[in-house]
DNA sequence: TATAAATAGGATAAATTTATCCTATTTAAA
DNA sequence: TTTAAATAGGATAAATTTATCCTATTTATA
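Residue numbers (the working numbering), protein chains in the order written: chain A, 684 to 827; chain B, 684 to 827.
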């Protein structure tokens, strides 16, 4: 469904959010260890998230990655997916046609659109705060 | 969402079904032209669909690919997706965890499962006959 | 101001997916 | 029985995604 990069990106963002609640910055090594991902690749994904202003980076000693506390509840899963995988999952044709719309739909168009819209709604209505709090409560997990 | 191979596989299956209604077998060249896909790659995908008994192949002169008329309405989109992409889209974790279930769910588990189940239901309740008839009626298209 | 700790980013490699090409095998029909 | 038309399948190449490594740059602090 999502690319590996996007999966890592979401997991990393949740972990960063969790730490930002405590005012703690985290580095790629720690992140990769906690979400069970390759360090260098994860670092690249973090760069992309910084560029898209999903997370914030602080260079130099005592630096690391963080999310402003008051921004955590406004960052939606869709922001992360957008930043890494783009919008094809929301906009693209399920059968891969270059163009596919009501005017000239592919055979799967109507039924696929329903599911895709549901996915979109889900991603747009789920924010990092909710996800991080679930984890903090010990109800959900980022690895294994 | 689906791999290119799977997209081509679904489009090809619909085109074959359409022709099988008229008792006509089709070859990879014609299929690829009608669904706008690379010929040789499409041929490989057809092989996989034959192996999984989604479609039927007839070798030799006057051969080609076909689907038994009375089977067309029993072949579901999920059969094609299963054959080509496997079941990860139904079973796999949305965040890519090796294991993820109610007992130890990832942060996205519950919300993702809802969407995934909806996708599964859609694919399992859509058969080739329906899709082919829509196309025959000129309401839907396999390319552009 | 020097140093150490941290992210940024370029170059490259490995793995996977997508795509092509060629030959073998099968089969209907002349 | 030969021939031509068709799928099967192996080998390989191209493209993309995933992953690694190394160096540059930035910054807090001793």
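Built from N, CA and C at the ideal position, the CB exists for glycine as well. Source: prediction; values computed, not measured.
- Query: Using a beta-carbon distance below 8 Å, is residue 792 (chain A) in contact with chain B?
  - Reply: yes
- Where does the unbroken alpha helix (DSSP H) through residue 798 (chain A) begin, and where does it stop? 792-807
- Query: Is the CB of residue 809 (chain B) under 8 Å away from at least one CB in chain A?
  - Reply: Chain A places a beta carbon closer than 8 Å to that of residue 809 (chain B), counting this residue as a contact.
- Message: Between A:751, A:729, A:689, A:801, which has its C-alpha nearest residue 773 (chain A)'s C-alpha?
- Response: A:801
- Message: Output needed for residue 688 (chain B): all residues of its chain with C-beta closer than 7 Å, excluding positions within five of it in sequence on either side, in chain order.
- Response: 728, 767
- Starting from the C-beta of residue 717 (chain A), find all residues in its chain whose C-beta is less than 6 Å away, skip the five residues before and the five after it, and write them out in chain order. If we look at residue 717 (chain A) and ignore the five residues flanking it on each side, its Cβ neighbours are 698.
- Query: Excluding five sequence neighbours on each side, which residues of the same chain lie with their C-beta closer than 7 Å to the C-beta of residue 814 (chain A)?
  - Reply: Excluding sequence positions up to five before and after residue 814 (chain A), its CB lies within less than 7 Å of the CB of 697, all in the same chain and listed in chain order.
- For residue 705 (chain B), name the three-state secondary structure that DSSP assigns. Under the three-state reduction of DSSP output, residue 705 (chain B) falls in the coil class, being neither helix nor strand.
- Query: So residue 740 (chain A) is in the beta strand (DSSP E); what residue range does that whole segment cover?
  - Reply: 739-741
- If you compare alpha carbons, which of B:817, B:786, B:764 is closest to residue 731 (chain B)? B:764
- Among residues of its own chain, excluding the 5 on either side of residue 708 (chain A), which ones have a beta-carbon nearer than 8 Å to its beta-carbon? 702, 741, 745, 746, 747, 748, 749
- Three or more C-beta pairs closer than 8 Å, one from the region 776-796 of chain B and one from the region 790-799 of chain A: is that the case here? Judged by Cβ distances under 8 Å, the region 776-796 of chain B makes no contact with the region 790-799 of chain A, as fewer than three pairs qualify.
- Task: Grab me the residues of residue 825 (chain A)'s own chain with a C-beta within less than 8 Å of its C-beta, minus the 5 sequence neighbours each way, in chain order.
- Result: 694, 697, 698, 717, 718, 719, 818
- Coarse secondary structure for residue 785 (chain B), derived from DSSP in three states: Assigned with DSSP and collapsed to three states, residue 785 (chain B) falls in coil, not helix or strand.
- Query: What is the DSSP secondary structure of residue 724 (chain B), reduced to helix, strand or coil?
  - Reply: helix
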